[in-house]
Amino acid sequence: PSPATVMSAYADDFNSGRPGAKNLYDQVVATVNSGDYATALATLEQLQTEDGLLPRQKQAIQETEAAVKKQTRDSGKTVVPNK
360 PSPATVMSAY ADDFNSGRPG AKNLYDQVVA TVNSGDYATA LATLEQLQTE
410 DGLLPRQKQA IQETEAAVKK QTRDSGKTVV PNK
């Protein structure tokens with residue numbers, strides 16, 4: 360599935376839990392929607408380090424990351440996450 364499809368499936372899962380996780384996931388959504396996959400991947404890496412993530416949030420992060428990486432491969436772009 361496309362990153363947008365994955366993100367829409369998990370959009371409500373970040374409404375509960377820590378506000379920092381929701382803010383980071385919102386940033387991921389914004390960067391993916393703008394086509395900035397490098398920043399999206401870097402933000403997903405940062406999000407994975409958040410304390411107190413719920414199981415569905417962890418699943419959302421993994422599936423979103425996989426979809427973004429697939430999207431970049433399919434587009435032929437080389438993406439290096441900013442660190």
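Just so we're aligned, residue 360 is where the sequence shown starts under our numbering, counting upward by one. Backbone N, C-alpha and C define an ideal beta-carbon position, used for all residues, glycine too. Since this is a predicted model, take the numbers as computed values, not measurements.
Check, Outcome
"Alpha carbon to alpha carbon, what distance is there between Thr408 and Asn392?", "23 angstroms"
"I'd like to know whether the C-beta atoms of Leu403 and Val387 end up nearer to each other than 8 angstroms.", "yes"
"Can you tell me which of Ala399, Asp395, Gly411 puts its alpha carbon nearest to the alpha carbon of Asp380?", "Reading the sequence as shown, one finds Ala at residue 380 and not Asp. Selected option, being the one with the closest Cα: Gly411."
"Out of curiosity, what's the CA-to-CA distance linking Phe373 and Thr364?", "16 angstroms"
"Over what stretch of residues does the alpha helix (DSSP H) that includes Glu422 continue unbroken?", "414-434"
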